[in-house]
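Chemist: The sequence shown stops at residue 347 when you use this note's numbering, and every number in between is there. Below is the structure I would like to discuss, written out as structure tokens.
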Amino acid sequence: MPDQDTLPTPAEAGPPLPAPVAEAVARHRESVTAVLTRRDPRLLVVVGPCSVHDPAAALDYAHLLAGAADRLADDLVVVLRAYLEKPRTVSGWTGLLPDPTLDGKGDVATGVRLGRSFLLEAAATGLPLAYEFVDPLVAHYAADVVSWGAVGARTVASQPHRHLASWLPMPVGMKNCVSGDIGTAVDAVRAAGLPHAFPGIAADGRLTTLRSTGNPDAHLVLRGGRKPNHGAADVAASLAALTAAGLPPRVVVDASHGNSGKDHDRQPAVLEDLAAQVADGNRGLVGVMVESYLADGRQDLGAGPPRPDLSVTDACLGWERTVPLLEVLARAARRRRSSL
Ligand SMILES: O=C[C@H](O)[C@H](O)COP(=O)(O)O
Ligand SMILES: C=C(OP(=O)(O)O)C(=O)O
């Protein structure tokens with residue numbers, strides 16, 4: 008009898024992807040790649056809650072977003088942030104997958120099951136899913152359903168994360184360091200593009216050697232640092248740095264985190280600035296990221312049960328404020344396309 012801390016294997020954590028979902032994931036990955044390689048002139052928009060703490064409410068959000076994504080599909084490829092792990096600067100709640108009871112008990116065995124079931128339900132909305140791979144071990148519970156992956160600002164220098172990214176079968180964004188340094192992320196894009204052999208976990212739970220062929224769709228994400236780096240000059244400098252490193256000049260820019268000083272009220276101005284750059288014809292700016300949820304703001308975890316509709320990690324833009332910004336981004340992408 009396994010003790011309560013024994014994790015199910017990836018194959019035991021939930022049902023395999025239903026065939027129609029697997030087919031949709033393959034199509035979504037191809038759509039994201041087409042935007043990154045500029046075969047598709049639309050703009051990639053990775054948008055959604057900072058973290059999922061209440062699966063039912065996050066699914067409500069996903070349904071709203073799926074409606075908007077359909078409406079704006081001529082101009083935007085919208086991807087849902089379905090983040091179940093949180094990297095912490097020092098400490099704090101680490102996400103639904105490692106801590107599904109939100110209280111530090113760390114019931115990872117329940118978390119991997121709950122997390123997988125959430126991802127399958129979120130994928131059933133028809134949206135592509137975005138996921139930050141924080142712990143390479145648990146990547147194996149999520150990777151098959153993810154269409155855009157991220158390696159975050161706190162792990163981008165890590166060799167295991169770069170190796171994982173080289174093996175993951177979807178485009179992976181490498182975020183600049185929390186300091187604002189982009190060189191480490193550029194190195195990470197190069198490393199992820201190469202073949203590697205490294206330890207991992209097979210579907211049956213056995214440790215195995217994973218062999219990657221290199222991820223051709225790894226790319227840089229600007230998320231700001233000690234100061235923002237979303238402006239046209241910083242975007243141009245990052246594209247030049249990529250070209251100098253022999254990499255395709257393409258960048259996704261996160262309107263949150265260091266680019267908004269973690270103040271959700273500053274995301275609209277950052278997004279307006281990014282939309283202006285796109286409308287001006289910047290083709291290297293291939294995508295943006297937005298932290299958005301049902302209600303505006305955030306709450307601390309603490310005394311009572313948290314509100315389902317309000318972020319428990321970074322403050323998010325509420326849904327009502329998100330929709331007009333998606334429309335601004337769509338107009339900008341349309342304008343860029345019309346000038347091609
Ligand atoms: O995206 C969310 C947070 O910015 C990230 O988890 C770091 O949070 P912290 O600096 O509050 O630990
Ligand atoms: C933690 C995140 O971002 P960053 O790595 O840029 O801090 C995030 O997007 O949730």
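Glycine is no exception: its CB is placed at the ideal position from the N, C-alpha and C atoms. Note that the structure is a prediction, hence the values are computed from the model and not measured.
Cβ-heavy atom distance between glycine 231 and ligand 1 below 7 Å?
Modeler: Start at 1 with the first residue of the sequence shown, and residue 231 comes out as number 224. No, the Cβ of glycine 231 stays beyond 7 Å of every heavy atom of ligand 1.
Chemist: Helix, strand or coil, according to DSSP, for tryptophan 155 in the structure here?
Modeler: Walking along the sequence shown from the start, residue 155 turns up at place 148. Looking at tryptophan 155 - three-state DSSP - the assignment turns out to be strand.
Chemist: Note down the Cα distance separating valine 32 from serine 38, rounded to an integer number of angstroms.
Modeler: Here residue 32 corresponds to residue number 25 of the sequence shown, with the count starting at 1. Here residue 38 corresponds to residue number 31 of the sequence shown, with the count starting at 1. Cα to Cα, valine 32 sits roughly 10 Å from serine 38.
Chemist: Taking 7 Å as the line, does the beta carbon of lysine 182 fall inside it for any heavy atom of ligand 1?
Modeler: Here the question's residue 182 lines up with position 175 in the sequence shown. No.
Chemist: Assign alanine 199 to buried or exposed, taking buried as 16 or more other Cβ atoms, counted over all protein chains shown, within 10 Å of its Cβ.
Modeler: Position 192 of the sequence shown holds residue 199. Alanine 199 should be labelled buried.
Chemist: Using three-state DSSP, classify glutamate 298 as helix, strand or coil.
Modeler: The residue labelled residue 298 in the question sits at position 291 within the sequence shown. The answer is strand: DSSP assigns glutamate 298 an E or B state.
Chemist: May I ask you to report which of helix, strand or coil DSSP gives aspartate 241?
Modeler: Taking the sequence shown and counting its residues from 1, one reaches residue 241 at position 234. Of the three classes helix, strand and coil, the one that applies to aspartate 241 here is helix, per DSSP.
Chemist: Which of the three DSSP states, helix, strand or coil, is assigned to glutamate 139?
Modeler: Locating residue 139 in the sequence shown gives position 132, counting from the first residue. If DSSP states are grouped into helix, strand and coil, glutamate 139 belongs with the strands.
Chemist: I'd like to know whether the C-beta atoms of histidine 271 and leucine 324 end up nearer to each other than 8 Å.
Modeler: Position 264 of the sequence shown, counted from the start, is the residue given in the question as residue 271. Position 317 of the sequence shown, counted from the start, is the residue given in the question as residue 324. A contact, by the Cβ cut-off of 8 Å.
Chemist: Tell me whether cysteine 57 counts as near ligand 1, meaning its Cβ is closer than 7 Å to at least one heavy atom of that ligand.
Modeler: Along the sequence shown, one-based indexing puts residue 57 at 50. Yes; taking the cut-off as 7 Å, the Cβ of cysteine 57 has a heavy atom of ligand 1 nearer than that.
Chemist: Is it the case that the CB of tyrosine 90 approaches a heavy atom of ligand 2 more closely than 7 Å?
Modeler: Reading the sequence shown from its first residue, position 83 is the one you call residue 90. Yes, since a heavy atom of ligand 2 falls inside the 7 Å radius drawn around the Cβ of tyrosine 90.
Chemist: With respect to 7 Å, is the separation between the Cβ of arginine 305 and the closest non-hydrogen atom of ligand 1 below this value?
Modeler: Taking the sequence shown and counting its residues from 1, the one referred to as residue 305 is at position 298. No.
Chemist: Quick one: is the Cβ of aspartate 142 within less than 7 Å of any heavy atom of ligand 1?
Modeler: Taking the first residue of the sequence shown as 1, we reach residue 142 at position 135. False, no ligand heavy atom lies under 7 Å from that Cβ.
Chemist: Relative to the C-alpha of leucine 136, which candidate in Val59, Pro202, Gly232 and Arg78 has its C-alpha closest?
Modeler: The residue labelled residue 136 in the question sits at position 129 within the sequence shown. Cα-wise, what sits closest to leucine 136 is Val59.
Chemist: Distance, Cα to Cα, glycine 304 vs aspartate 61?
Modeler: Walking along the sequence shown from the start, residue 304 turns up at place 297. Walking along the sequence shown from the start, residue 61 turns up at place 54. Going from the Cα of glycine 304 to the Cα of aspartate 61 covers about 16 Å.
Chemist: Does the pairing of the region 180 to 189 with the region 121 to 131 give three or more beta-carbon distances under 8 Å?
Modeler: No, the region 180 to 189 is not in contact with the region 121 to 131.
Chemist: Given a threshold of 16 other Cβ atoms within 10 Å of its Cβ, counted over all protein chains shown, does leucine 72 qualify as buried or as exposed?
Modeler: Locating residue 72 in the sequence shown gives position 65, counting from the first residue. By the neighbour-count rule (16 or more Cβ atoms within 10 Å), leucine 72 is buried.
Chemist: Is it the case that the CB of histidine 168 approaches a heavy atom of ligand 1 more closely than 7 Å?
Modeler: Within the sequence shown, numbered from 1, the residue matching residue 168 stands at position 161. Not under cutoff, so the answer is no.
Chemist: Rounded to a whole number of angstroms, what is the C-alpha to C-alpha distance between aspartate 114 and tryptophan 326?
Modeler: As a working note, residue 114 is residue 107 in the sequence shown. As a working note, residue 326 is residue 319 in the sequence shown. When rounded, the distance between both Cα atoms is 31 Å.
Chemist: Whose C-beta lies closer than 6 Å to the C-beta of proline 167 among residues of the same chain, with five residues either side of it excluded?
Modeler: On the sequence shown, residue 167 is found 160 positions in, with the first residue counted as 1. Pro143, listed in sequence order.
Chemist: How about glycine 253: is its Cβ closer than 7 Å to a heavy atom in ligand 1?
Modeler: Reading the sequence shown from its first residue, position 246 is the one you call residue 253. It does not: the Cβ of glycine 253 is nowhere closer than 7 Å to a heavy atom of ligand 1.
Chemist: My assumption, with CB atoms under 8 Å, is that serine 173 sits in contact with glycine 221. Please give the rounded CB distance.
Modeler: Counted from its first residue, the sequence shown places residue 173 at position 166. Counted from its first residue, the sequence shown places residue 221 at position 214. The pair is a contact, with the Cβ atoms about 5 Å apart (cut-off 8 Å).
Chemist: Using the three-state DSSP reduction, which class does valine 163 fall into: helix, strand or coil?
Modeler: Position 156 of the sequence shown, counted from the start, is the residue given in the question as residue 163. DSSP places valine 163 in coil when its eight states are reduced to three.
Chemist: On the criterion of 16 or more Cβ atoms from any shown chain inside 10 Å, does glutamate 19 qualify as buried, or is it exposed?
Modeler: Numbered from 1 along the sequence shown, position 12 holds the residue referred to as residue 19. By the neighbour-count rule (16 or more Cβ atoms within 10 Å), glutamate 19 is not buried but exposed.
Chemist: Within the present structure, is the beta-carbon of proline 313 separated from the nearest heavy atom of ligand 1 by less than 7 Å?
Modeler: By one-based count along the sequence shown, residue 313 stands at place 306. No, the beta carbon of proline 313 sits no closer than 7 Å to any heavy atom of ligand 1.
Chemist: Going by beta-carbon coordinates alone, are alanine 192 and valine 163 separated by less than 8 Å?
Modeler: Indexing the sequence shown from 1 puts residue 192 at position 185. Indexing the sequence shown from 1 puts residue 163 at position 156. Going by C-beta atoms, alanine 192 is nearer than 8 Å to valine 163.
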